[in-house]
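> What follows is a single structure, and I will ask about it in a moment.
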Amino acid sequence: TISPSDEFEDNSNVPHLTYLQIFIIFLKFGFQAFGGPMAQIALIKEELVTKQAWITHARFNRVFGVYQIIPGPEAMELAQFFGYLAGGRFGGLLGGLGFLLPGFALVLLFSYIYVAVGLRNKHFNASFRALQPIVAAMMMRAVNKIGEHALMCHKTKTLNYWLFSLAFLSAIQSAFRVNYFITLFGIGLIYMIIDRKYYWVAGSFILLEVVGYVIYVVFKGFPSPLSFGLGITPTPDPGHIFALGLVSGSLSFGGAYTTIPIIQAEAVTIGKWLSPQSFLDMIAIGNIMPAPLVMFSTGIGFQAGYIYKENYGYAFLEGTLISIGIVFPCFVFTIMGHHLLEKLVQNKLLAAFFEGISAAVVGVVAITALELLKTSITTSLLLRDVSENEKGILL
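Listed below in structure tokens is the structure:
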């Protein structure tokens, strides 16, 4: 029998596989990866834990708990973890690549169709306009799903009122156009202080933030939408697009949904090289593909490359570059070794900091979801009015 402490180290049931076998296993998972992150995680767990028993359920839950804290889509991180068990670091790389490849290729293909055919076809455009409110509604649902984990006390499985309050504070800051970088890391720091029970210090920090904001408004006026981001992509050239992917991937606490407000701020609000409608369309494409939602960024990169040079070569290049950038941090975190990750998240200060960031993500994503819902409804109403006018002209 295996003792509870050894259970988390036991790899005796992990099969000895060739690199090709590892790649094919996770390629198959990639082709079945419909339904969002929870469905993808359940798919991997059912096959490799319940049926094949590579590891125990207890070990899976512990591993999954680690990946919920660090940046990146959890399903892809689990694919890398199991690949790592079967084939070391290179096996982990192949597991992640196999899982991503089907979705990546399909998003590129549909992005090409979107540009080559859709922009000149009113029926194609109309179908995407119909999808936009659905995408916004899915974002609202995602706020609830993220909150179910991020705002809970993991010991008692009850709502953590401190984290809930900080998520609300994050939403207020986002609504008042406080830079997302300041919001995420500021709230992470505040919860780290609260977790150490230095409540007066945390209160002073929040008060300092409020005073700083008021001073800014008095002297500079209410922040413009441009203040929400960092200005990473003033132009959609290959270097800036790769940087956008890298920054988005590094800040993707809570999974792919965190990347949505970041990319929206940089590409739509600040860079202004991508329309809100095209942004929503790329999220729609990402949602219907068998892929982690983070792969919607591939479509954003494709759009960027085509806008930059009106050239499909650049479009495919930038679609690939942003995808590499956005998953690179995830690959580094996972493949450098699960044991090291466990040590990091078992550090109480770091664990509290990451939990605070995850709570902040809930607020940021909630405000972004409301903005996307407003955009989708406004666009639908505008197109309805245009359609009615066209009918009037024909009559």
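Going by this note's numbering, the first residue of the sequence shown is number 8, and it counts up by one from there. Glycine included, every Cβ here is placed at the ideal spot set by N, Cα and C.
Would you check if the distance between the CB atom of V2 and the CB atom of P80 is smaller than 8 angstroms?
Here the chain covers residues 8 to 402 and nothing more, so residue 2 does not appear.
> If we ignore side chains and look at the alpha-carbon of each, how far apart do A359 and L170 end up?
For the purposes of this step, residue 359 is identified with residue 352 of the sequence shown, where counting begins at 1. For the purposes of this step, residue 170 is identified with residue 163 of the sequence shown, where counting begins at 1. Approximately 10 angstroms, taken between the alpha carbons.
> Which residue marks the beginning of the alpha helix (DSSP H) containing W169, and which one marks its end?
As a working mapping, residue 169 is identified with position 162 in the sequence shown. From DSSP, the alpha helix (DSSP H) with W169 extends over Y168 to A182.
> Using the Cα positions of G238 and V254, report the straight-line distance between them to the nearest angstrom.
Residue 238 sits at position 231 when you count from the first residue of the sequence shown. Residue 254 sits at position 247 when you count from the first residue of the sequence shown. Cα to Cα, the separation comes out at about 11 angstroms.
> Pull up the distance between the alpha-carbon of P245 and that of L324, whole angstroms please.
As a working note, residue 245 is residue 238 in the sequence shown. As a working note, residue 324 is residue 317 in the sequence shown. Taking the straight line from one Cα to the other gives about 8 angstroms.
> Between the Cα of L115 and those of M289, A366, V221 and G332, spot the shortest distance and give me the residue it belongs to.
The residue labelled residue 115 in the question sits at position 108 within the sequence shown. Minimum Cα distance to L115 is reached at M289.
> Which residues bound the alpha helix (DSSP H) around E216?
Reading the sequence shown from its first residue, position 209 is the one you call residue 216. Per DSSP, the continuous alpha helix (DSSP H) segment holding E216 begins and ends at Y206 to K227.
> Rounded C-beta distance between F249 and Q271? I'm assuming under 8 angstroms.
Position 242 of the sequence shown holds residue 249. Position 264 of the sequence shown holds residue 271. Rounded, the Cβ-Cβ distance is 18 angstroms, inconsistent with contact.
> Under a Cβ-count criterion, where at least 16 other Cβ atoms within 10 Å of its own Cβ denotes burial, should S118 be classed as buried or exposed?
Within the sequence shown, residue 118 is the residue found at index 111, counting from 1. With 16 or more Cβ atoms within 10 Å of its Cβ, S118 is classed as buried.
> Between the alpha carbons of E53 and Q59, how many angstroms are there, rounded?
As a first step, residue 53 must be located in the sequence shown, where it is residue number 46. As a first step, residue 59 must be located in the sequence shown, where it is residue number 52. Roughly 8 angstroms separates the two Cα atoms.
> If we count the other Cβ atoms within 10 Å of its Cβ and call it buried at 16 or more, is S394 buried or exposed?
Position 387 of the sequence shown, counting from 1, holds the residue named residue 394. Bear in mind that a pLDDT of 49 at S394, under 50, signals an unreliable position, so the model cannot answer this.
> Would you list, in sequence order, the uninterrupted alpha helix (DSSP H) runs of no fewer than 4 residues that lie entirely inside the stretch 10-76?
11-14, 26-38, 44-52 and 64-76
> How would you label E4, buried or exposed, when you count the other beta carbons within 10 angstroms and need 16 or more for buried?
Beyond the ends of the chain as shown, which are 8 and 402, falls residue 4; an answer cannot be given.
> If F338 and Q87 are in contact, beta carbons under 8 angstroms, what's the gap, nearest whole angstrom?
One-based indexing of the sequence shown puts residue 338 at position 331. One-based indexing of the sequence shown puts residue 87 at position 80. Their Cβ separation, rounded to whole angstroms, is 7 angstroms, which keeps F338 and Q87 in contact under 8 angstroms.
> Whose C-alpha, out of P230, A157 and Y223, is nearest the C-alpha of G195?
Walking along the sequence shown from the start, residue 195 turns up at place 188. That would be A157, whose Cα lies nearest to the Cα of G195.
> If you check the beta carbons only, do S304 and G236 fall under 8 angstroms apart?
Against the sequence shown, residue 304 aligns to sequence position 297. Against the sequence shown, residue 236 aligns to sequence position 229. Taking 8 angstroms as the Cβ cut-off, S304 and G236 do not qualify as a contacting pair.
> Roughly how many whole angstroms lie between the Cα atoms of F71 and L85?
Counting from 1 along the sequence shown, the entry for residue 71 is found at position 64. Counting from 1 along the sequence shown, the entry for residue 85 is found at position 78. When rounded, the distance between both Cα atoms is 7 angstroms.
> State the beta-bridge partners of M159 as determined by DSSP.
Residue numbering aside, residue 159 sits at position 152 when the sequence shown is read from its first letter. Answer is L166.
> If you check the beta carbons only, do A322 and F309 fall under 8 angstroms apart?
Stepping through the sequence shown from its first residue, residue 322 is reached at position 315. Stepping through the sequence shown from its first residue, residue 309 is reached at position 302. In contact: A322 and F309 (Cβ atoms closer than 8 angstroms).
> In whole angstroms, what separates the C-alpha of I48 from that of V208?
Along the sequence shown, one-based indexing puts residue 48 at 41. Along the sequence shown, one-based indexing puts residue 208 at 201. In a straight line, the C-alpha of I48 is about 39 angstroms away from that of V208.
> Would you call E155 buried or exposed, if buried means 16 or more other Cβ atoms sit within 10 Å of its Cβ?
For the purposes of this step, residue 155 is identified with residue 148 of the sequence shown, where counting begins at 1. By the 10 Å Cβ count, E155 comes out exposed.
> Where does L237 fall in DSSP's three states?
Translated into positions along the sequence shown, residue 237 becomes position 230. Three-state DSSP puts L237 in coil, outside helix and strand.
> Do you know offhand how far F260's Cα is from T25's?
Sequence index remark: in the sequence shown, residue 260 carries index 253 (1-based). Sequence index remark: in the sequence shown, residue 25 carries index 18 (1-based). If you draw a straight line from the Cα of F260 to the Cα of T25, it comes to about 32 angstroms.
> So what's L401 in DSSP terms, helix, strand or just coil?
Taking the sequence shown and counting its residues from 1, one reaches residue 401 at position 394. Reliability of the predicted coordinates at L401 is poor, the pLDDT of 38 falling under 50, and the value obtained from them is presented with this limitation in mind. Helix.
> Excluding five sequence neighbours on each side, which residues of the same chain lie with their C-beta closer than 6 angstroms to the C-beta of G326?
Against the sequence shown, residue 326 aligns to sequence position 319. In chain order, L115, T305, G308 and F309 place their CB closer than 6 angstroms to the CB of G326, counting only its own chain and leaving out the 5 sequence neighbours on each side.
> Thinking C-alpha only, which one of A143, F97 and L55 is nearest T382?
Here residue 382 is taken as the residue at index 375 of the sequence shown, counted from 1. That would be A143, whose Cα lies nearest to the Cα of T382.
> Among residues of its own chain, excluding the 5 on either side of L100, which ones have a beta-carbon nearer than 8 angstroms to its beta-carbon?
Here residue 100 refers to the residue found at position 93 when the sequence shown is read from its first residue. Excluding residues within five positions, the ones whose Cβ falls inside 8 angstroms are Q87, G90, F338 and I342.
> Roughly how many angstroms separate the alpha carbons of I384 and I222, rounded to a whole number?
Translated into positions along the sequence shown, residue 384 becomes position 377. Translated into positions along the sequence shown, residue 222 becomes position 215. Those two C-alpha atoms are separated by around 35 angstroms.
> For P283 and E378, I'd like the C-alpha separation in whole angstroms.
One-based indexing of the sequence shown puts residue 283 at position 276. One-based indexing of the sequence shown puts residue 378 at position 371. Those two C-alpha atoms are separated by around 10 angstroms.
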